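First comes the structure, then the notes that go with it.
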Amino acid sequence: MAVMLDLAKEFDYKVTTFHHAIEAYKVADILAENNVCAAIWADWWGFKHEAFDMVWENAAIIHNANGEKGCAIIHSDDAVGIQRLNQEAAKAMAAGNRVGLNISEGDAIKWITLNAAKGLGIDEWTGSLEKGKMGDVVIWDGNPFSVYTKTEKVFIDGILKYSSEDISLPKPTDFELGIINPEENRL
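Numbers in the working numbering are just positions in the sequence shown, counted from 1, shifted up by 861.
Right, dumping it as structure tokens:
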């Protein structure tokens, strides 16, 4: 990552995000100094030789780099994992807090919202709830980082697309929902 940033300076191009950056904790300060994000998994590594060296606190270390100027993004390549990205962020936040890195819920929610937009270069238009920005919104019945919290409402492009209060919709359990694959078929 450090070499790629050196090349970017030499050849005048911009790196905004390193994906699958499981070793980003090693160069977190360099990433923060260069305003570069690291898109990582909360706790998935060791699936091949190049992916052995990660720490649970990766996101928290990246976040805290250079006085909390780091940009961690929690992501998933998996059709199942993406459905629980809030819980992935919760796992990463808990890992950081366990070692005293003091990650707030406000910081952790940015790992799946604002920082993702920043990594794509679209944070002036989306990624946070601000006047004039676009955004889809989920309203929860509790803490979004809890496995027990349920979705109350979903707004997409300002239109209510789901409401737990809508009695015309069946109330399936997670088991009944199944897993939706990328082709949007229930498995």
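Backbone N, C-alpha and C fix where the C-beta goes; we use that ideal spot for every residue, glycine too. Just so we're clear, the structure is a prediction, and the values are computed from it rather than from any experiment.
Excluding sequence positions up to five away, which residues of its chain have a Cβ less than 6 Å from the Cβ of M862? F879 and V888
Leaving out the 5 sequence neighbours to the left and right, which residues in its chain are closer than 7 Å to I1000 when beta-carbon positions are compared? E1013 and K1014
Should the segment 950 to 964 be called in touch with the segment 919 to 938, which here means at least 3 C-beta pairs below 8 Å? yes
Do I943 and I901 have their beta-carbon atoms positioned less than 8 Å apart in this structure? no
Just curious, the alpha helix (DSSP H) that A921 is in, first and last residue? N919 to E929
Please list, in chain order, all residues of the same chain as K952 whose beta carbon is under 6 Å from its beta carbon, the five residues on each side excluded. A903 and D904
Please classify L892: is it buried, with 16 or more other beta-carbons within 10 angstroms of its beta-carbon, or exposed? buried
Starting from A900 and walking both ways along the beta strand (DSSP E), at which residues does that stretch end? C898 to I901
Just the Cα atoms here: how many angstroms apart are I983 and G993? 13 Å
Are the CB atoms of K964 and H924 nearer to each other than 8 Å? Just to set this straight, residue 964 is Ile in the shown sequence, not Lys. For I964 and H924, yes; Cβs fall inside 8 Å.
Of the residues Y874, V876 and C898, which one's Cα is nearest the Cα of A885? C898
Below 8 Å on the Cβ atoms is my contact criterion, and I expect G988 with A978 to pass it. Report the Cβ-Cβ distance as a whole number of Å. 3 Å
Quick check: what's the CA-CA separation for Q948 versus A933? 15 Å
What three-state label does DSSP hand H910 in the structure shown? helix
Would you mind reading off the limits of the alpha helix (DSSP H) that contains K952? L946 to R959
Among the residues of its own chain, which have a CB less than 8 Å from the CB of S937, if the five just before and after it don't count? W902, I943, L946 and E949
Please classify N976: is it buried, with 16 or more other beta-carbons within 10 angstroms of its beta-carbon, or exposed? buried
Go ahead and pull the three-state DSSP assignment for E871. helix
Check: K1011 C-beta below 7 Å from any heavy atom of the ligand SAM: You won't find the ligand SAM in this model; it holds no ligand whatsoever.
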